[in-house]
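Enquirer: The sequence shown maps to residues 340 to 775 in the working numbering. Note that the Cβ used here is the ideal one computed from N, Cα and C, for glycine as well. Keep in mind it's a predicted model, so treat the numbers as computed, not measured. Mind looking over this structure? Questions follow.
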Amino acid sequence: MKTVFRRINEGIQISDIKKTAFRIQRILNLTIFIALFEISILRTVMKYVVDQSYLPDSYYSYYFNFLRTIIKYVDNPSLLSLLIILSYLFLLFFIIYLFISRWSIIDHLSNNKYLYILSVLAITIIILYVYPIADSLKLHGKGSDQDDCIILGVEKLLKGQNPYSELTYLNAPCSTGMGVLISYIPFVYIGFYELGSVVFMIMTLWYLYKVKGPRVTFFYKITLLTNIAFIQLMVVGVDYSFIGFMLLIAALYMDTNIDNMSTHKILILSVLVGLTASSRINMLIILPIFSIFLYSRNKVAGILLFLVSSLIAILPSFLIYVSNPALFTPLHLIEKSKLFLSFSAKLVIVCIMVFLFVVSLFLYSKKVILFTSALLWILTPMFVGLVIGGAAYVKYQLARLDYITYLIPLLPLASASCLISLQESGPESTNKENLF
Numbered sequence: 340m341k342t343v344f345r346r347i348n349e350g351i352q353i354s355d356i357k358k359t360a361f362r363i364q365r366i367l368n369l370t371i372f373i374a375l376f377e378i379s380i381l382r383t384v385m386k387y388v389v390d391q392s393y394l395p396d397s398y399y400s401y402y403f404n405f406l407r408t409i410i411k412y413v414d415n416p417s418l419l420s421l422l423i424i425l426s427y428l429f430l431l432f433f434i435i436y437l438f439i440s441r442w443s444i445i446d447h448l449s450n451n452k453y454l455y456i457l458s459v460l461a462i463t464i465i466i467l468y469v470y471p472i473a474d475s476l477k478l479h480g481k482g483s484d485q486d487d488c489i490i491l492g493v494e495k496l497l498k499g500q501n502p503y504s505e506l507t508y509l510n511a512p513c514s515t516g517m518g519v520l521i522s523y524i525p526f527v528y529i530g531f532y533e534l535g536s537v538v539f540m541i542m543t544l545w546y547l548y549k550v551k552g553p554r555v556t557f558f559y560k561i562t563l564l565t566n567i568a569f570i571q572l573m574v575v576g577v578d579y580s581f582i583g584f585m586l587l588i589a590a591l592y593m594d595t596n597i598d599n600m601s602t603h604k605i606l607i608l609s610v611l612v613g614l615t616a617s618s619r620i621n622m623l624i625i626l627p628i629f630s631i632f633l634y635s636r637n638k639v640a641g642i643l644l645f646l647v648s649s650l651i652a653i654l655p656s657f658l659i660y661v662s663n664p665a666l667f668t669p670l671h672l673i674e675k676s677k678l679f680l681s682f683s684a685k686l687v688i689v690c691i692m693v694f695l696f697v698v699s700l701f702l703y704s705k706k707v708i709l710f711t712s713a714l715l716w717i718l719t720p721m722f723v724g725l726v727i728g729g730a731a732y733v734k735y736q737l738a739r740l741d742y743i744t745y746l747i748p749l750l751p752l753a754s755a756s757c758l759i760s761l762q763e764s765g766p767e768s769t770n771k772e773n774l775f
């Protein structure tokens, strides 16, 4: 009888630990979500409100006429920027409040597939209209040249040439990895590069809808479409949104199929992880993260994932590299990071990431947390560290903080992780539906 009571007590203690860990997961995910989304808009607000030199005489300044009209009647632009930032913070909390509420109208709206179609059509029309204008800034030596990197790279690949043999119109080396170039081949080939971000967004919405339901998907869409920095980079053709979408799909796919990881599912996950890992040199870190976490639950699957995804991520780049090492410009990010971060700063970031990795792996192996949450926790210090290093490099001049855009790839994962952990009733409810 004592043995029975002892086992019951141990079971209750384990259950309490899991519930506590799950509450911590919710709080941490919510905190990261609010912080990343709030910080991500600083660059846009400061650039177009505080530093007004970006508004007048700009080739596409009429898109900001509404800002100019407001600023004209405001004596203190810094105060206006603060009001915008606080208003966005309020909006984020209001979105979370609506998400956790049980109003029937929310369920009705989130199940209305026509709203999804209208949202996709709206963003598609905006991108098709604005992207050519933003792209034409290169005639004036302005704008973003990251789309130029991808288009030039893909065109070179299709001709059987080195994709990194040319600099951009800003005379800058390309940091875009082979994973992005390969994924964008169809869009560049048909002459509609700008539609790539829309297609990858649709893929994310579809998969999230299938595995986590309409409520999470509906509010995930709202969080991204109300973030001016995320939309701005999608419109001008920056591939950070692609990295974010692919990272989220890969993490969701692993969470969904972790207990039923057949060979063909391992291959699908390997493709997702391999392409995402080779999008930027620093993203190679996700190869061991995905593989070790899968290994903790399925040893054979973890080993296969590491081998196949590493082959996909490294082999194309290695072939380009050996053909002419001097032209392999994605490696310049290593030198660039030395400008931002000292050795001691890198050591601190690595220690934090290792600590979060160990804790997350332990909790994940006990089926206490979701992999989407674990991946978010591990990667956040790296991206935030780059932003802080970039801020120090420009002496904390907020209007010059283009490095804040480094957070954009984390936004889809942060939004989905927060919403999923708020929706799930407990640590065991990770898989709603198996696909493929």
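1. Could you tell me whether the stretch 751-759 touches the stretch 722-735, where touching means 3 or more Cβ pairs closer than 8 Å?
2. Are there three or more Cβ pairs, one per stretch, closer than 8 Å when the stretch 564-572 is compared with the stretch 611-623?
3. Kindly indicate which three-state DSSP category R362 falls into: helix, strand or coil?
4. Spatial neighbours of S712 within its chain, please: CB distance less than 7 Å, with the 5 preceding and 5 following residues excluded, ordered by chain position.
5. Under 9 Å between the Cβ atoms of G613 and L626?
6. How about Y703 and S635: do their beta carbons lie closer than 9 Å?
7. Given this structure, state the Cα-to-Cα distance separating I445 from Y455, to the nearest angstrom.
8. Tell me whether C513 sits in a helix, a strand or coil according to DSSP, three-state version.
9. Roughly how many angstroms separate the alpha carbons of S699 and N510, rounded to a whole number?
10. Given this structure, state the Cα-to-Cα distance separating P669 from L437, to the nearest angstrom.
11. In whole angstroms, what is the alpha-carbon distance linking T543 and I631?
12. What's the gap between the Cα of K358 and the Cα of L709?
13. Identify whether E533 lies in helix, strand or coil by the three-state DSSP scheme.
14. Would S683 pass as a contact of P553 if the rule is Cβ separation under 9 Å?
15. Give the DSSP-derived three-state secondary structure of M600 in the structure shown.
16. What's the C-alpha gap between F432 and S379?
17. V747 and Y579: beta carbons closer than 9 Å?
18. Tell me the DSSP secondary structure of K452 in three-state form.
19. For the alpha helix (DSSP H) containing M721, name the first residue and the last one.
20. Going by C-alpha to C-alpha distance, which of I490, K675, A374 and I743 sits closest to F429?
21. Is the beta carbon of I717 sitting closer than 9 Å to the one on L695?
Expert: Taking the geometry as given:
1. Between the stretch 751-759 and the stretch 722-735 there are fewer than three C-beta pairs closer than 8 Å, too few to call the two in contact.
2. Below 8 Å, too few C-beta pairs join the stretch 564-572 and the stretch 611-623 to call them touching: fewer than three.
3. In the structure shown, the three-state DSSP call for R362 is helix.
4. Setting aside the 5 residues that flank it on each side, S712 is surrounded in the same chain by Q364, N368, S756 and S760, each with a C-beta closer than 7 Å to its C-beta; the list follows chain order.
5. With contacts defined as CB atoms closer than 9 Å, G613 and L626 qualify as a contacting pair.
6. Their beta carbons are under 9 Å apart, which means Y703 touches S635 by this criterion.
7. If you take the alpha carbons of I445 and Y455, they lie about 14 Å apart.
8. For C513, the secondary structure class from DSSP, reduced to helix, strand or coil, is coil.
9. Note on geometry: alpha-carbon atoms of S699 and N510 lie some 42 Å from one another.
10. Going from the Cα of P669 to the Cα of L437 covers about 42 Å.
11. Between the alpha carbons of T543 and I631 lies a gap of roughly 24 Å.
12. C-alpha separation (whole angstroms): 13 Å.
13. Under the three-state reduction of DSSP output, E533 falls in the helix class.
14. In this structure, S683 lies away from P553, with their beta-carbon atoms at least 9 Å apart.
15. DSSP, reduced to helix, strand and coil, places M600 outside both helices and strands of the structure shown, so it counts as coil.
16. Roughly 16 Å between the two C-alpha positions.
17. Sequence check: residue 747 is Ile here, not Val. Yes, the Cβ-Cβ distance between I747 and Y579 is below 9 Å.
18. DSSP places K452 in helix when its eight states are reduced to three.
19. Per DSSP, M721 is one residue of the alpha helix (DSSP H) stretching across F710 to Y732.
20. Closest by alpha carbon: A374.
21. Going by beta carbons, I717 and L695 fall inside the 9 Å limit.
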